[in-house]
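In what follows, a single structure is set out as structure tokens and then discussed.
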DNA sequence: GCCCAGGTGGGTA
DNA sequence: TACCCACATGGG
């Protein structure tokens with residue numbers, strides 16, 4: 001079996017094992033997508049959602065409104081999400097930059113060449129490759145496959161990326177195995193696999209191939 | 001009480 | 001370039 005065939009088989013198994021949530025097909029407005037993604041950094045979904053709801057109750061989620069908002073009020077709204085001092089500063093500051101530099105709009109994510117759009121996003125404070133790629137994929141359906149902590153770990157354990165690969169290498173490796181139409185599904189499904197079977201520090205989950213509960217036990221090594 | 005969660009940026013060698 | 005660390009709440 002070639003690497004490509006193996007990668008395809010992995011995706012097939014994942015599709016059988018997990019069902020993609022409904023929201024996956026809905027594309028989201030890029031600015032609110034960016035704010036949600038910043039709030040999600042190193043935080044669980046529940047707290048991210050609470051923080052986003054609280055923020056939306058206090059403020060209209062637009063660059064103009066958030067650029068002018070009081071940082072302390074943003075802090076109070078998003079506190080439940082954790083890392084709230086950093087994130088509140090980041091939200092205000094990136095909003096200000098979007099107003100001043102991009103005329104208050106992230107519409108460039110739809111139109112600019114992918115690498116340019118990516119660079120512009122990553123130049124915003126608090127926006128690294130993961131956050132930029134999530135916005136590009138989820139709101140503009142651009143062909144990038146975001147690598148979060150689960151995707152990174154699981155990809156390496158399944159041999160979809162080299163063990164010492166950095167963010168870009170993991171992303172390009174995964175993208176080379178799948179057609180662009182599958183990037184979203186692969187991203188979500190690898191996360192679901194990581195959450196369920198391949199915990200970071202649980203020795204029982206040290207390798208998917210030795211955990212008989214894991215669907216990849218049947219793939220071996 | 002301890003560990004983890006859909007990262008990023010700043011510092012050090 | 002390659003690590004190391006702060007950031008911080010809530011849930012299991």
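Residue numbers (the working numbering): 1 to 221. Quick reminder that beta carbons are idealized off the backbone N, C-alpha and C, glycines included. Remember, it's a predicted structure, so these values are computed and weren't measured experimentally.
Inter-residue spacing [alpha-carbon to alpha-carbon] between residue i and residue j
| i | j | result |
| --- | --- | --- |
| residue 37 | residue 135 | 8 Å |
| residue 144 | residue 74 | 30 Å |
| residue 163 | residue 124 | 29 Å |
| residue 67 | residue 127 | 16 Å |
| residue 8 | residue 15 | 11 Å |
| residue 31 | residue 172 | 25 Å |
| residue 221 | residue 10 | The predicted position of residue 221 is uncertain, since its pLDDT is 46 and thus under 50; no value can be drawn from it. |
| residue 176 | residue 185 | 15 Å |
| residue 102 | residue 160 | 37 Å |
| residue 92 | residue 98 | 10 Å |
| residue 122 | residue 129 | 6 Å |
| residue 209 | residue 197 | Low per-residue confidence applies at residue 209: pLDDT is 46, beneath 50, and the placement is therefore not dependable enough to give any value. |
| residue 158 | residue 47 | 30 Å |
Where residue i falls, given that 16 or more other Cβ within 10 Å makes a residue buried
| i | result |
| --- | --- |
| residue 2 | exposed |
| residue 140 | buried |
| residue 111 | exposed |
| residue 87 | buried |
| residue 33 | buried |
| residue 65 | exposed |
Proximity to residue i [Cα-Cα], best of the options
| i | options | result |
| --- | --- | --- |
| residue 70 | 47, 96, 83 | 96 |
| residue 137 | 153, 85, 114, 152 | 114 |
| residue 28 | 166, 155, 119, 106 | 106 |
| residue 166 | 81, 131, 153 | 153 |
| residue 155 | 41, 80, 50, 192 | 192 |
| residue 148 | 23, 187, 179 | 187 |
| residue 146 | 170, 120, 157 | 170 |
| residue 150 | 19, 41, 64, 33 | 41 |
| residue 94 | 190, 62, 79 | 62 |
| residue 183 | 133, 158, 195, 34 | 133 |
| residue 4 | 195, 52, 194, 179 | 179 |
| residue 72 | 55, 60, 18 | 55 |
Supposed contact pair residue j and residue i - C-beta distance, whole angstroms, cut 8 Å
| i | j | result |
| --- | --- | --- |
| residue 50 | residue 80 | 5 Å |
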